[in-house]
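Since the structure comes first, as structure tokens, the remarks are kept for the end.
Have a look at this one:
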């Protein structure tokens, strides 16, 4: 993509003195619900009212949205509050209906981003419009697939573009509904710094108690905005109840969040340093997670050795690992001395784990 600075124009035109906030219910349930939430969000930091109209669920049998009727509710909310409106589109028919109801922002969901066929269909349907289009990351951690969706839209002459980071699915159970894998949006940001980057903490968290922490990390990483699922009665929401917060909670959260934006030279230095330090924090967290996983494997090896009465230390295997890691470390600019220190410590911890199991 060339001349990517134009991608940022739509966001700059909002002329906000704070990050862009897109808020509203996971699903539009009733007209009363949509209008109630819209009026509670009016005159807050929330600029855009979001609501899911079509909600295909992972498994059938759950609430799958009210359909096109909900677009009229969004129109009415816009007329009464002046807020912009946003909804998800998953095919060309959704696009047509959203355009007919003058929805301001269309976002493409994670399950749609994975299909170049559907993305191309949506891009063709949007060709020639001036709507803002935001692309959520694909379900799996695949940066080229995410970029490919953006490029298809850009090629279709859609220049008001942005991306939404909603985390990635994993078979492992973690504290998140969708693992943030912050290094992926960081890499996207490094490649296309002018592409507006929005964080969806609701889908990353899957539970409301850690939404604020995720928002703060996103802001520390220089994200441009937040999309937060907001409901006046979240516990009784018809979809994704656990990850929605009340408008009052959102308002307080926006007060509490630290937004590090300034223009003077010293502040620019501090902002840049803080962003880099946050990136280190993200990587350090990943290191701890990976070391924990490694020790679980060591525990399994200890159980197997105990069962077969095999010695803990296997010198040949250890030397093979060390030699391979030294070579791989060298390719990444890591000294042999550093690799030796790190892996000797890891090896000793693995031995300690196995000894504990064998001697229990």
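In this note's numbering, the protein residues as written are -14 to 345.
Quick reminder that beta carbons are idealized off the backbone N, C-alpha and C, glycines included.
Quantities reported herein were computed from a predicted structural model and do not represent experimental measurements.
Residue 153 - partner residues in DSSP beta bridges: Under DSSP, residue 153 takes part in a beta bridge, and its partners are 164.
Residues sharing a beta bridge with residue 133, DSSP: None, per the DSSP bridge assignment.
Closest Cα partner of residue 224 within the set 50, 100 and 148: The option with the nearest alpha carbon to residue 224 is 50.
Outcome for residue 216 when other beta-carbon atoms lying within 10 angstroms are tallied against a minimum of 16: With 16 or more Cβ atoms within 10 Å of its Cβ, residue 216 is classed as buried.
CB contact flag (residue 184, residue 242, <8 Å): Taking 8 Å as the Cβ cut-off, residue 184 and residue 242 do not qualify as a contacting pair.
Simplified DSSP state of residue 303, which is helix, strand or coil: In this structure, DSSP gives residue 303 a helical state, which the three-state scheme calls helix.
Inter-residue spacing [alpha-carbon to alpha-carbon] between residue 283 and residue 226: About 38 Å.
Cβ contact check for the segment 17 to 31 and the segment 192 to 208: 3 or more pairs under 8 Å: No: the two stretches stay apart, fewer than three of their Cβ pairs being nearer than 8 Å.
For residue 192, the three-state DSSP class (helix, strand or coil): In the displayed model, residue 192 falls within coil according to three-state DSSP, outside both helix and strand.
8 Å contact criterion, which residue 111 and residue 89 should meet: CB distance rounded: With 8 Å as the limit, residue 111 and residue 89 do not qualify as a contact, their Cβ atoms being about 13 Å apart.
Runs of alpha helix (DSSP H) lying entirely within the segment 37 to 101, each at least 4 residues, in chain order: The qualifying runs are 54 to 66, 77 to 85 and 95 to 98.
Beta carbon of residue 117 nearer than 8 Å to that of residue 77: No, the Cβ-Cβ distance between residue 117 and residue 77 is not below 8 Å.
Member of 30, 234, 195 and 121 whose CA lies at the smallest distance from the CA of residue 3: Residue nearest to residue 3 within the set 30, 234, 195 and 121 is 30 (criterion: CA-CA distance).
N- and C-terminal bounds of the beta strand (DSSP E) containing residue 32: 31 to 35 is the span of the beta strand (DSSP E), which, as asked, contains residue 32.
Per-residue burial, residue 327 [other beta carbons within 10 Å of its own, 16 or more giving buried]: Within a 10 Å sphere around the beta-carbon of residue 327 sit fewer than 16 other beta-carbons, which makes this residue exposed.
Span of the beta strand (DSSP E), counted from its first residue to its last, around residue 230: Annotation for residue 230: no beta strand (DSSP E) segment contains it, and DSSP assigns it neither H nor E.
Rounded separation between residue 263 and residue 344 - CA only: Approximately 41 Å between the Cα atoms of the pair.
Residue 329 - containing alpha helix (DSSP H), residue span: Looking at the DSSP string, the run of the alpha helix (DSSP H) that includes residue 329 is 321 to 343.
DSSP state of residue 14 mapped onto helix, strand, coil: Reduced to three states, the DSSP call for residue 14 is coil.
Residue(s) in a DSSP beta bridge with residue 119: Under DSSP, the beta-bridge partners assigned to residue 119 are 92 and 147.
Among 212, 8 and 179, the one whose alpha carbon lies nearest that of residue -4: In terms of Cα proximity to residue -4, the closest of 212, 8 and 179 is 179.
Cβ distance (whole Å) where residue 214 is taken to contact residue 197 below 8 Å: Not really, about 14 Å apart at Cβ, beyond 8 Å.
Residue 214 - partner residues in DSSP beta bridges: Looking at the DSSP assignment, residue 214 forms a beta bridge with 9.
Residue range of the unbroken alpha helix (DSSP H) whose run includes residue -4: Bounds of the alpha helix (DSSP H) holding residue -4 are -6 to -2.
Beta-carbon spacing of residue 124, residue 99 below 8 Å: Between residue 124 and residue 99, the gap from beta carbon to beta carbon is short of 8 Å.
Distance between residue 135 and residue -10 (C-alpha atoms, nearest Å): Roughly 15 Å separates the two Cα atoms.
Residue 183, DSSP secondary structure in three states: In the three-state scheme derived from DSSP, where H, G and I count as helix and E and B as strand, residue 183 is classed as strand.
Residue 5 versus residue 278 - alpha carbon distance: Cα to Cα, the separation comes out at about 37 Å.
DSSP three-state assignment for residue 287, whether helix, strand or coil: Under the three-state reduction of DSSP, residue 287 is assigned to helix.
Residue from 174, 22 and 17 whose Cα sits closest to the Cα of residue 401: A question about residue 401 goes unanswered here, because the residues of the chain that appear run from -14 up to 345.
CA nearest to the CA of residue 233, picked from 218, 244 and 222: That would be 218, whose Cα lies nearest to the Cα of residue 233.
Residue 279 (DSSP reduced to helix, strand or coil): Here residue 279 sits in helix by DSSP.
Assigned exposure category for residue 150 - 16 Cβ within 10 Å defines buried: Around the beta carbon of residue 150, 16 or more other beta carbons lie within 10 angstroms, which makes this residue buried.
Where residue 157 falls, given that 16 or more other Cβ within 10 Å makes a residue buried: By the neighbour-count criterion, in which a residue is buried when 16 or more other Cβ atoms sit within 10 angstroms of its Cβ, residue 157 is exposed.
Residue environment, residue 275, which counts as buried when at least 16 other CB atoms sit within 10 Å: Residue 275 comes out exposed.
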